[in-house]
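Numbered per this note's numbering, the sequence shown finishes at 401, counting up by one with no gaps. No residue lacks a Cβ here, since even glycine has one placed at the ideal position from N, Cα and C.
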Amino acid sequence: MRPLGDESQRIRYHKIHTACLLVGLVTLVNLLPSSTPAQPPLLSYFRFEGNGLDDLANSPPVSLFNVTLTNGAILLPCTNFYTATASIPALSYTSFTVSLDFNPSTFDPPGTSILSGGPAYRWLVLAAYAGQFRIALNNWNLVYAFTNTIALNQWHTLVCAVDLPAQSILSFLDGQRLQDIHLQNFSFEVVGTSFEQSDKAFSPWNFGDASRLCGWVDNLRVYSRALSPTEIAQLYAVNLSILRSGGTTLVYWPADWTGFGLQSANSLTPATVWSNDSRPAVIGNQMVLADPGTNPSGYYRLRRQ
Numbered sequence: 097m098r099p100l101g102d103e104s105q106r107i108r109y110h111k112i113h114t115a116c117l118l119v120g121l122v123t124l125v126n127l128l129p130s131s132t133p134a135q136p137p138l139l140s141y142f143r144f145e146g147n148g149l150d151d152l153a154n155s156p157p158v159s160l161f162n163v164t165l166t167n168g169a170i171l172l173p174c175t176n177f178y179t180a181t182a183s184i185p186a187l188s189y190t191s192f193t194v195s196l197d198f199n200p201s202t203f204d205p206p207g208t209s210i211l212s213g214g215p216a217y218r219w220l221v222l223a224a225y226a227g228q229f230r231i232a233l234n235n236w237n238l239v240y241a242f243t244n245t246i247a248l249n250q251w252h253t254l255v256c257a258v259d260l261p262a263q264s265i266l267s268f269l270d271g272q273r274l275q276d277i278h279l280q281n282f283s284f285e286v287v288g289t290s291f292e293q294s295d296k297a298f299s300p301w302n303f304g305d306a307s308r309l310c311g312w313v314d315n316l317r318v319y320s321r322a323l324s325p326t327e328i329a330q331l332y333a334v335n336l337s338i339l340r341s342g343g344t345t346l347v348y349w350p351a352d353w354t355g356f357g358l359q360s361a362n363s364l365t366p367a368t369v370w371s372n373d374s375r376p377a378v379i380g381n382q383m384v385l386a387d388p389g390t391n392p393s394g395y396y397r398l399r400r401q
C-alpha cells in the first residue's frame, strides 16, 4: 500500500512504552483478535499458498502452466509462455471489484499487461505503459492513462471497482485513489456473445497482444460488487497492531499482506537508523513478533519491499 507521507513505502510508527495496553496472562494466540468486522461480499480469493485454489471454493482452481508457486506467491517467467488464468463463473459484468498484489521484474515495450479480463474480448485490461498505469476497456477501444508510475522489483497493490449502473470505475494503486473514470452509456462488448460466460476470467497474460506480466503475483481477490472508496480504504489499509502483556510486547499484522517487512528502531530522531527485524513468525493468520521488552521503549514500522 502507498505509505503515509511517502510514495514508495507505507509506514506507520508505533511507540511501545509503559502506558501500552496491559493484559492478563494469556497465550500469544489468545492475544490476537478473535473476530473481525463484517466484510464486503468477497466472491473468490486466491492466496497462492502452494496451490491455485479459491479459499471460498466459489471458483475453480487457477489454470497454471509453466509458473512457479513459491514463498506464498506465483513467480511468472519472463522468457517463456505461461498460463495463470482464474475463471470466475459467478462474476457479474455490471458490478464487481478485483484486486491483485504484484511485483514486476521487467516491462515489455511499450506496454505490459498486469491483469486482463477475458481471453477473447479483453474487456478490461489493467496495464503499465512506459511504466505508467493505464486502464483499457473493450480491447483497447477506450483507454484511460494515469501519471502514476509502477516501479520494478517492488510490490504493489492494485484495486479496481467497476460499477456500470453508476457508469463509473474506481481504482487504487498502492493505497492512493486515482482519478475516477466516468463512463457514458458504456457496456462490455462481450455481454450477449457466445463468449460471455467463458470470458469471466482474469489473467496476467493478455492473449490479444501477447503482453504479459513477468515477476510475482499474489492475493487475487474478486468481490461480487463494486466496493465504495471507504470500503476499499478500510480493507486495504496497512496498520500494525500492538498489545503488551507484562514485559512482553506483541506486534502483529495479517500474514497475507504480501511484500511487507518489519523494521524497528529505538528513537525517531533525524539520525534514526531502522533495522530489518527477522523475528516475526506466523501464528494462525497473523505475522507476530513477541518482543521480551528488554528496551523500555521501541518503534516499529512496516515497509513494502
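Taking only three categories from DSSP, how would you classify residue i?
| i | result |
| --- | --- |
| Gln464 | This structure cannot speak to residue 464, because the chain is shown only from 97 to 401. |
| Pro200 | strand |
| Pro350 | strand |
| Gly120 | Reliability fails at Gly120, whose pLDDT of 29 lies under 50, so the model's placement of it is uncertain and no value is given. |
Whose CA, out of the options, lies closest to the CA of residue i?
| i | options | result |
| --- | --- | --- |
| Leu274 | Leu220, Leu139, Val318, Phe229 | Phe229 |
| Val287 | Ser155, Lys296, Gly342 | Lys296 |
| Tyr332 | Met383, Ala186, Val255 | Val255 |
| Ser188 | His252, Pro261, Ala169, Ala232 | Pro261 |
| Leu323 | Phe303, Asp204, Phe192, Leu171 | Phe192 |
| Ser87 | Phe203, Pro200, Ser201, Val194 | Residue coverage of the chain in this structure runs from 97 to 401, which leaves residue 87 outside it and unanswerable. |
| Thr181 | Thr175, Asn167, Val163 | Val163 |
| Trp219 | Phe303, Thr202, Phe268 | Phe303 |
| Gly146 | Gly168, Ala367, Ser201, Thr208 | Gly168 |
| Ile277 | Asn237, Ser264, Arg143, Thr253 | Ser264 |
| Pro185 | Ile338, Leu339, Gly394, Ala153 | Ala153 |
| Ser294 | Arg375, Gly214, Met383 | Gly214 |
| Cys174 | Ser307, Pro137, Thr190 | Ser307 |
| Pro388 | Leu248, Ala232, Glu285, Gly343 | Gly343 |
| Pro136 | Phe291, Glu327, Ala386 | Glu327 |
| Pro376 | Ser360, Trp370, Ala367 | Ser360 |
| Ser159 | Trp236, Tyr396, Ser299 | Ser299 |
I'd like the list of long-range same chain contacts for residue i, defined as Cβ closer than 8 Å, with 5 residues on each side in sequence excluded.
| i | result |
| --- | --- |
| Asn381 | Pro350, Ala351, Asp352 |
| Pro206 | Tyr225, Ala226 |
| Asn176 | Asn162 |
| Phe49 | The requested residue 49 does not occur in the structure, where the chain is confined to residues 97 to 401. |
Can you round the beta-carbon distance between residue i and residue j to whole angstroms, since I take them to be within the 8 Å contact cut?
| i | j | result |
| --- | --- | --- |
| Gly271 | Ile246 | Actually they are not in contact, since the Cβ atoms of Gly271 and Ile246 sit about 14 Å apart, beyond 8 Å. |
| Val384 | Leu346 | 6 Å |
| Trp301 | Ser209 | 7 Å |
| Leu266 | Ala257 | 4 Å |
| Leu196 | Ser320 | With 8 Å as the limit, Leu196 and Ser320 do not qualify as a contact, their Cβ atoms being about 17 Å apart. |
| Leu172 | Val313 | 6 Å |
Leaving out five residues before and five after residue i in sequence, what residues of the same chain have Cβ atoms less than 6 Å from its Cβ?
| i | result |
| --- | --- |
| Pro157 | Gly148, Leu149 |
| Asn190 | Rather than Asn, the amino acid found at residue 190 in this sequence is Thr. Closer than 6 Å at the Cβ level, and outside the excluded window around Thr190, lie Leu260. |
Taking only the alpha-carbon atoms, compute the straight-line gap between residue i and residue j and give it to the nearest angstrom.
| i | j | result |
| --- | --- | --- |
| Phe161 | Thr179 | 5 Å |
| Ala216 | Ile170 | 24 Å |
| Thr365 | Leu358 | 19 Å |
| Asn234 | Thr253 | 23 Å |
| Asn362 | Asn372 | 13 Å |
| Phe284 | Phe291 | 12 Å |
| Val318 | Pro325 | 16 Å |
| Leu309 | Ala241 | 18 Å |
| Trp370 | Gln280 | 49 Å |
| Gln330 | Ala367 | 33 Å |
| Trp236 | Tyr395 | 47 Å |
| Asp305 | Asn199 | 21 Å |
| Gln250 | Phe203 | 13 Å |
| Ala386 | Thr289 | 56 Å |
| Leu316 | Asp151 | 11 Å |
Leaving out five residues before and five after residue i in sequence, what residues of the same chain have Cβ atoms less than 7 Å from its Cβ?
| i | result |
| --- | --- |
| Ser183 | Ser155, Pro156, Lys296, Ala297 |
| Ser337 | Tyr348, Trp349 |
| Thr243 | Gln228 |
| Leu222 | Ile210, Leu211, Ile231, Leu254, Cys256 |
| Phe144 | Leu165, Gly168, Ala169, Ile170, Asp314 |
Within 8 Å (strictly less), CB to CB, does residue i reach chain D?
| i | result |
| --- | --- |
| Asp295 | The chain labelled as chain D is not found in the depicted structure, where only one protein chain is given. |
So does residue i have its beta carbon nearer than 7 Å to some heavy atom of the ligand MN?
| i | result |
| --- | --- |
| Leu385 | Among the components of this structure there are no ligands whatsoever, and the ligand MN is therefore not found. |
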